[in-house]
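Following: one structure in structure tokens, then a few remarks.
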Amino acid sequence: MVAAVSYRGLEFNARLLIGTLLAELVLLAVFVAFAVPAMKPEHLTPVLGKGIPGVLAGAAIFFWSWDGFMRTAIMASEIKDPRRTIPFAIVGGIGFAAIVFLAVGAATLAVLGPGAMARNDVPIFTASQRAIGPWGIWIVLAAAWLDTLTEALGDLLTATRVALAMGKAHELPKWLAAVHPRFRSPHHAVLALGLACAVPALLFDLRPVLEAANVFTLVWYGIVHFDALHLRKGQRLTWPIVSWVGLAGCLALFAALPVWALITGGVMLAALTGVRWLVRRQESSLKT
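Read in my numbering, the sequence shown has 460 at position 98, and its numbers run on one by one without any break.
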């Protein structure tokens, strides 16, 4: 279904994403509002818990949940006035998401307490059931379904544009660079990536690899900051110090990741780099 929606192009995707996001926010607001009577203020102290190292460790584990803010920049070629729109969308989106994350997380923590929340695989589900009752379960389930749909739509929308650009640059098969004559979507990339995502999601439990996914996200963000430092003054959207702070933040989160995640991500990146080198070398030899 997600691939079929992405096949229809950007405008149709945008309308559906806005609708699902608004519905999800309403459901989360209902959860937070009805959870207030069941909250215990003592569950929210001490604020920093195990201190700054603990905060960094938590941020590193859940960093993958912030990867969506690169989507706006990826879609720059299809955005009107990107120089003005993209910074506003990224900063505004991060700020708004932080408020939502903080409100839902604080409500869940205040209801369950840190110990019970740490031992629970579905803390928001449990907190909603405890605070609201049986119908609270359906609020959280509906919000989770909508969030899954929104995330899948957004990820596929931008990933296919990356595949399109890489296909044009011959970094991936040129077949992926095809654009649908009516919907103006990279329909070959939509079908290929949709299938590539659906098969492992149906066959495997992907939760154990989330921490390894943070490695790729941090590498991605780090490369963007590094490249931004090499832009000419007229091309930059902000001061160089912002990129330096971003690089420092990426390194700090890297240091807080589990060792196994760093090793797994490093091995996969090295393997993919090796495959790319072999493919490019073979292409060069065929041309000569």
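Glycine is no exception: its CB is placed at the ideal position from the N, C-alpha and C atoms.
- Spanning the alpha carbons of Y369 and L471 requires a straight line of approximately 40 Å.
- Shown here, A540 sits in coil according to DSSP, grouped into three states, outside any helix or strand.
- Burial state of M630 is exposed, judged by a 10 Å Cβ sphere holding fewer than 16 other Cβ atoms.
- Exposed is the label assigned to F566, since fewer than 16 other Cβ atoms lie within 10 Å of its Cβ.
- Per the C-alpha coordinates, the member of E373, R481, T382 and I499 positioned closest to K442 is E373.
- In chain order, S368, Y369, R370, G371, L372, T522 and V541 place their CB closer than 8 Å to the CB of S547, counting only its own chain and leaving out the 5 sequence neighbours on each side.
- With 16 or more neighbouring CB atoms inside 10 Å of its own CB, S605 falls in the buried class.
- As the crow flies, the alpha-carbon of I499 is around 11 Å from that of V484.
- For H549, the enclosing alpha helix (DSSP H) covers residues H549 to L565.
- Counting the other Cβ atoms within 10 Å of the Cβ of S647 gives fewer than 16, which makes it exposed.
- Here F588 is not near G627, since their CB atoms are 9 Å or more apart.
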